[in-house]
Amino acid sequence: MHCDAGREVDVRRERAKFVNKFHGGCVTPRAAQRLAAAPMSATGSWRLWLGFVACLAVVRGVLLAGLIPPLNGPDEPAHFDYVQRLAEDFRLPVPKSVCAGYSLENRFLTATLNEPIKFRPERPMPPLSAFVPPDPDQPSSRATTGCGPASTYPPLYYATAAAAYRLEQHAPYLQRLFAARLASVGWGIVTACFAFLLGIAWSGRVRDGALLGVIIAAQPMMAHLSAVVNNDAAMVAWATGAFAAVALMSREGGSRRAFVLFVISTMAGALSKPLFAFILPILGLAVAVALGPRRIGSWLRSAAALAPAALIFLLWSIHVRTTGNLPSTTTPQPYAEIAAWALAPERLYVIWHKTFWMCWGWLDTWIDDGYYWALALTVSLAVAGFAAAWRRLDARDHTVAWLTLAGSVSMVFGLNGLELVLMRKTGSALIQGRYLLPLFPLQALGLVIGLRALSQRLGAWMDGSWAFAALLLLIDAASVARALVRYYA
949 MHCDAGREVD VRRERAKFVN KFHGGCVTPR AAQRLAAAPM SATGSWRLWL
999 GFVACLAVVR GVLLAGLIPP LNGPDEPAHF DYVQRLAEDF RLPVPKSVCA
1049 GYSLENRFLT ATLNEPIKFR PERPMPPLSA FVPPDPDQPS SRATTGCGPA
1099 STYPPLYYAT AAAAYRLEQH APYLQRLFAA RLASVGWGIV TACFAFLLGI
1149 AWSGRVRDGA LLGVIIAAQP MMAHLSAVVN NDAAMVAWAT GAFAAVALMS
1199 REGGSRRAFV LFVISTMAGA LSKPLFAFIL PILGLAVAVA LGPRRIGSWL
1249 RSAAALAPAA LIFLLWSIHV RTTGNLPSTT TPQPYAEIAA WALAPERLYV
1299 IWHKTFWMCW GWLDTWIDDG YYWALALTVS LAVAGFAAAW RRLDARDHTV
1349 AWLTLAGSVS MVFGLNGLEL VLMRKTGSAL IQGRYLLPLF PLQALGLVIG
1399 LRALSQRLGA WMDGSWAFAA LLLLIDAASV ARALVRYYA
């Protein structure tokens, strides 16, 4: 027995030497020992915790899918029209961003249940009996070209929603819509499971997997998007998978399974929504750092891993002629006037903080301001934790901090810059806080590290990262309560 224990110590030492060598010597001895030993701590309890995380995502998703009024998610009429076109005709939509191509069923429901409450938070939802659908057996009721704001998106998400729709093809319209929403619930489950993998791959502890799974499943805006028809649900799931693959690379020295997961996740993300392209640079940087930034081979492997996704983006953009489908305004405003409005501090706070965390419906359903201030304080405490314990944190924790900062800043600047260009061309505002959600898995990991470091620095009895998870669950419950009052009181 003592010999076995001695062999285990020797094995851990050899793993530590290998990890540090593989990373170009950039990993501290403490981090290398943690990397080498951590896989042994992931015991059989992971199945129980993974089941808990998945059940949380299922319950939250099904509850919200039935709670949110029909077609009251962000651009849900357009997304569901894409699904209906694919499910009924087995064809992609006509790629035109501006048209009047919705099905008769879609237009009837929008007029009776959606338009009366959209952007009017003081009005409750009309009774479902107000919706009298056209005869679903008539082909003209379901016929649609699918063109609209969602028509130029790749088909991966919509294929899964169309499959769910086909299972209820002969059911009433609302039942088919609910079936398509359940496809989004499925993507929410995938997201939570990838988050669980991310936590375990990073620290080797099952409880950290459960922690990240709970945090991501309970993020109110992510929960909302995983309960309505919207391709953001698939995009966020594959972004989480890509970050989990990077964490596996940092642990396993660029193993084949981590590399395969990364390539599949980035390709699937590219086939989910073009917005995924905004996180490719930070993913490429993360892969190179995980494999050892001092070696040119690491950067070449990172470029090779991203090449399939980049090719998909290029080919799909050529296919749909994205820029040619944008409407143009006849009287473009000067950039100075656009920037003065678009970059106003008050608007940036609403966009990148409030609508990032919770803004349901058609950006018209909010929670009390105190919750947003609590979330802002939590982010500030995590930053303070990094600052106070910087010297005690290892190189991997430093890397997460820098990647989170670089990714967040680059996406915010990139999206704001794109909005300025498109506002001059189209005259319409573009960005919403939910466009930053593909980066949330990395941000959540950074929040966990920062809050935990602050707790340890202060000698607190409770891990601050678990307190953050509890806060999100509280805010999530408040969001559900707000929706109940907003739509049904």
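Numbered per my numbering, the sequence shown finishes at 1437, counting up by one with no gaps. Beta carbons are placed, not taken as given, at the ideal position from N, Cα and C, and that holds for glycine.
Rounded C-alpha distance that separates Ala1415 from Ala1408: Computed Cα separation, rounded: 12 Å.
Are there 16 or more other CB atoms within 10 angstroms of the CB of Met1410, so buried, or fewer, so exposed? Result: exposed.
Quick check on the DSSP output: the alpha helix (DSSP H) that includes Ile1397 runs from which residue to which? That run of the alpha helix (DSSP H) goes 1388-1406.
DSSP three-state assignment for Thr1313, whether helix, strand or coil: Under the three-state reduction of DSSP, Thr1313 is assigned to strand.
Cross-strand partners of Trp1308 (DSSP beta bridge): Partner(s): Thr1313.
Report the rounded CA-to-CA distance for Pro1075 versus Leu1125, giving the unit in angstroms. For Pro1075 and Leu1125, the distance between alpha carbons rounds to 17 Å.
Look at the alpha carbon of Arg1055 and the alpha carbon of Ser1403, and state the distance between them as a whole number of angstroms. Distance between the alpha carbons of Arg1055 and Ser1403 is about 53 Å.
How long is the line joining the alpha carbons of Pro1293 and Thr1313, rounded to whole angstroms? Pro1293 and Thr1313 have their C-alpha atoms some 21 Å from each other.
Going straight from the alpha carbon of Ala1113 to that of Ile1244, what length do you get? The displayed chain sequence assigns Tyr, not Ala, to residue 1113. Computed Cα separation, rounded: 48 Å.
In chain order, which alpha helix (DSSP H) runs of at least 4 residues are fully inside the region 1171-1211? With a minimum length of 4 residues, the continuous alpha helix (DSSP H) runs that stay inside the region 1171-1211 are 1180-1200.
Alpha-carbon to alpha-carbon, Leu1057 and Pro1064: Spanning the two alpha carbons is a distance of roughly 11 Å.
Please identify the residue among Phe1079, Arg1068, Glu1053 whose C-alpha is closest to the C-alpha of Asp1085. Taking only the C-alpha atoms, the option nearest Asp1085 is Glu1053.
Give me the Cβ distance between Ile1015 and Ala1431, rounded to the nearest whole Å; I'm assuming they're in contact under 8 Å. Residue 1015 is actually Leu in this sequence, not Ile. At roughly 6 Å, the Cβ-Cβ gap stays under 8 Å, so Leu1015 and Ala1431 are in contact.
Runs of alpha helix (DSSP H) lying entirely within the region 1044-1120, each at least 4 residues, in chain order: Within the region 1044-1120, the complete alpha helix (DSSP H) runs of at least 4 residues are 1052-1057, 1087-1090, 1104-1115.
For Arg961 and Gly1201, I'd like the C-alpha separation in whole angstroms. With a pLDDT of 47 at Arg961, under the threshold of 50, the modelled position of that residue is not reliable, and the figure given next carries that caveat. In this structure, the straight-line span from the alpha carbon of Arg961 to that of Gly1201 is close to 15 Å.
Could you check the C-alpha separation between Tyr1320 and Met1306 for me, to the nearest Å? Met1306 has its alpha-carbon roughly 9 Å from the corresponding atom of Tyr1320.
Taking the beta carbon of Arg978 as the centre, do at least 16 other beta carbons fall within 10 Å, making it buried, or is it exposed? Note that Arg978 scores a pLDDT of 48, beneath 50, so its modelled location is shaky and nothing firm can be said.
Which value, in whole angstroms, describes the spacing of the CA atoms of Arg955 and Gln1123? Note that Arg955 scores a pLDDT of 42, beneath 50, so its modelled location is shaky; the value from the coordinates is reported in the next line. Distance between the alpha carbons of Arg955 and Gln1123: 60 Å.
Would DSSP call Ala1158 helix, strand or coil? DSSP places Ala1158 in the helix class (H, G or I) of the three-state scheme.
Assuming the contact rule is C-beta atoms closer than 8 Å, Gly1152 and Gly1161 should be a hit. Round their C-beta distance to whole Å, please. The Cβ separation is near 15 Å, so there is no contact.
Here's the rule I'm using: 16 or more other beta-carbon atoms within 10 Å means buried, otherwise exposed. How should His1172 be labelled? So His1172 ends up on the buried side.
Does the distance from the C-beta atom of Ala1128 to that of Val1031 stay below 8 Å? A contact, by the Cβ cut-off of 8 Å.
With Trp1135 and Ala1185 assumed to form a contact (beta carbons below 8 Å), what rounded beta-carbon distance in angstroms separates them? About 5 Å; that satisfies the 8 Å criterion.
Taking buried to mean at least 16 other C-beta atoms within 10 Å of its own C-beta, is Glu1070 buried or exposed? Classification of Glu1070: exposed, given that the 10 Å Cβ count is below 16.
On the three-pair Cβ rule with 8 Å, is the region 1207-1220 touching the region 1362-1369? Judged by Cβ distances under 8 Å, the region 1207-1220 makes no contact with the region 1362-1369, as fewer than three pairs qualify.
I'd like the ranges of any beta strand (DSSP E) spanning at least 3 consecutive residues and lying wholly in the region 1008-1049. Taking only runs of at least 3 residues, no beta strand (DSSP E) segment lies wholly in the region 1008-1049.
Own chain residues within Cβ distance below 6 Å of Trp997, not counting five before or after: Once the five neighbours on either side are set aside, the close Cβ partners of Trp997 are Val1154, Ala1158.
Please report the straight-line C-alpha distance between Cys974 and Asn1179, rounded to a whole angstrom. Annotation note: pLDDT 45 at Cys974 (below 50); position unreliable, coordinate value reported separately. If you draw a straight line from the Cα of Cys974 to the Cα of Asn1179, it comes to about 38 Å.
Continuous alpha helix (DSSP H) stretch holding Thr1347: start and end: The continuous alpha helix (DSSP H) containing Thr1347 extends over residues 1343-1374.
Close Cβ partners of Tyr1436 (< 7 Å) along its chain, the five nearest in sequence each way excluded: The beta carbon of Tyr1436 sits closer than 7 Å to those of Pro1072, Met1073, all from its chain and outside the five residues before and after it, given in chain order.
Have a look at Phe966 and Phe1144 and give me their C-alpha separation to the nearest angstrom. For Phe966, the predicted model reports a pLDDT of 38, less than 50, meaning its position is unreliable; a value from the coordinates is still stated below. The alpha-carbon separation between Phe966 and Phe1144 amounts to approximately 26 Å.
Put Ser1291 into one of helix, strand or coil per three-state DSSP. Reading off the sequence, residue 1291 comes out as Leu, not Ser. If DSSP states are grouped into helix, strand and coil, Leu1291 belongs with coil.
Nearest residue (CA-CA) to Ala1078, options Ala1059, Phe1224, Thr1093: Nearest of Ala1059, Phe1224, Thr1093 to Ala1078, Cα basis: Ala1059.
One question on the structure: do Trp1150 and Leu1393 come within less than 8 Å of each other, judged by their Cβ atoms? If you check the CB distance, Trp1150 and Leu1393 come in under 8 Å.
Proximal residues to Gly1510 (C-beta, below 6 Å), its chain only, five neighbours per side dropped: Residue 1510 is absent from the model: the chain starts at 949 and stops at 1437.
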